[in-house]
Amino acid sequence: MMARTLEQFGPIAAGLPSSNVRSERHPILSIVRIAECGKVVMSPKVMIVEDEEALSLLLRYNLEAEGYQVEVIARGDEAESRLQETLPDLLLLDWMLPGLSGIELCRRLRAKPKTVKLPVIMLTARGEESERIRGLSTGADDYVVKPFSVPELMARVRAILRRASPDLVATILKAGDLELNRETHRVKRANREVTLGPTEYRLLEFLMQNPGRVYSREQLLDGVWGHDVYVDERTVDVHVGRLRKTINRGRAKDPIRTVRGSGYSFDDQFSVE
Numbered sequence: 043m044m045a046r047t048l049e050q051f052g053p054i055a056a057g058l059p060s061s062n063v064r065s066e067r068h069p070i071l072s073i074v075r076i077a078e079c080g081k082v083v084m085s086p087k088v089m090i091v092e093d094e095e096a097l098s099l100l101l102r103y104n105l106e107a108e109g110y111q112v113e114v115i116a117r118g119d120e121a122e123s124r125l126q127e128t129l130p131d132l133l134l135l136d137w138m139l140p141g142l143s144g145i146e147l148c149r150r151l152r153a154k155p156k157t158v159k160l161p162v163i164m165l166t167a168r169g170e171e172s173e174r175i176r177g178l179s180t181g182a183d184d185y186v187v188k189p190f191s192v193p194e195l196m197a198r199v200r201a202i203l204r205r206a207s208p209d210l211v212a213t214i215l216k217a218g219d220l221e222l223n224r225e226t227h228r229v230k231r232a233n234r235e236v237t238l239g240p241t242e243y244r245l246l247e248f249l250m251q252n253p254g255r256v257y258s259r260e261q262l263l264d265g266v267w268g269h270d271v272y273v274d275e276r277t278v279d280v281h282v283g284r285l286r287k288t289i290n291r292g293r294a295k296d297p298i299r300t301v302r303g304s305g306y307s308f309d310d311q312f313s314v315e
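In this note's numbering, each residue's number is its place in the sequence shown (first place is 1) plus 42.
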């Protein structure tokens, strides 16, 4: 993953969606947390402090694809100043940074009442046991060694946010008569449970997070399989076919839309009507 250049990220690296991407939300598809008070879920804010541009762009793309608000800062000293002005819900923090190291920034954050409880995931190439212990002892809530699986990192982000601020994390994705529970990994259609394999489940979850957005096969491979897995792009077609066959069994409406020459999207007009 770390070896990729900005050019290889294509529209992701440019920070802009392709021309056929629609990023707006549609009221038919709701992302909700089932809570006793029925409150609306706010989008969690994640701050990325990372000086490697390609990696920060990759992280930003995947976090925004899951509905997070994202701010990127490349220097440790600038991040320290920014954190005095506004607090995110979670901090993704590189160890080696210009201006101020991530480990020192983490130490300072834990020494201040305002930031002592701020969730921190440290990202670093330092994989030795002694370094992991040092990072966690300094105050990091989690420690992820580069290169890493993006889907795994997204799962870690959700887990930490769920523990720190349960009301921030949407646990159920609903569209029409289709429902996906991210805590139990159960999928229902018309209130009947649907059994999916692990890859089909991750694929459906990824698509449902951004209804209407068109993903290329390469983007789906990156988001669902991860950058450190090398499989043919046609593998995506196989798994989309399996997913459709399972969730559409006995149903007239197919929520997954094929965009010729571009890829796939979750239909933001999907309903049971």
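All residues carry an ideal CB built from backbone N, CA and C; glycine is no exception.
DSSP, read as helix, strand or coil, puts residue 136 in strand. DSSP places residue 285 in the helix class (H, G or I) of the three-state scheme. A Cβ-Cβ distance of about 6 Å is found for the pair residue 217 and residue 297, placing them in contact under the 8 Å criterion.
At the C-beta level, residue 180 and residue 137 stay beyond 8 Å of one another. Per the coordinates, the alpha-carbon of residue 164 lies some 14 Å from the alpha-carbon of residue 152. The beta-carbon distance between residue 147 and residue 89, rounded to whole angstroms, is 11 Å. This is too long to meet the 8 Å contact definition.
Sequence-distant Cβ neighbours of residue 182 in its own chain, meaning closer than 8 Å and more than five residues away, are 135, 148, 162, 163, 164. Here the C-alpha atom of residue 177 lies approximately 7 Å from the C-alpha atom of residue 145. Contact annotation: the segment 245-255 touches the segment 303-312, with at least three C-beta pairs closer than 8 Å. In this structure, residue 293 places its C-beta atom within 8 Å of the C-beta atom of residue 231. Note that the C-beta distance between residue 106 and residue 114 is not below 8 Å. Beta-bridge pairing by DSSP links residue 307 to 299. The residue from 185, 158, 159, 160 with its alpha-carbon nearest to that of residue 171 is 185. Partner residues in the beta bridge of residue 89, as assigned by DSSP, are 113, 133. Taking C-beta atoms under 8 Å as the contact rule, residue 289 and residue 236 qualify, at a distance of about 6 Å. Per DSSP, residue 170 is not a residue of any alpha helix (DSSP H), being assigned neither H nor E.
In the DSSP assignment, residue 163 forms a beta bridge with 134, 184. Exposed is the label assigned to residue 303, since fewer than 16 other Cβ atoms lie within 10 Å of its Cβ. Of the residues assessed, residue 123 falls on the exposed side of the cut-off, its CB having fewer than 16 other CB atoms within 10 angstroms. When DSSP states are grouped into helix, strand and coil, residue 235 belongs to the strand group. A buried status is given to residue 96, since no fewer than 16 other beta-carbon atoms sit within 10 Å of its beta-carbon.
Annotation: the continuous beta strand (DSSP E) that includes residue 223 extends over 220-223. Distances from the CA of residue 194 to each of 261, 102, 267, 130 were compared; the closest alpha carbon is that of 267. Exposure of residue 233 is indicated by the presence of fewer than 16 other C-beta atoms within 10 angstroms of its C-beta.
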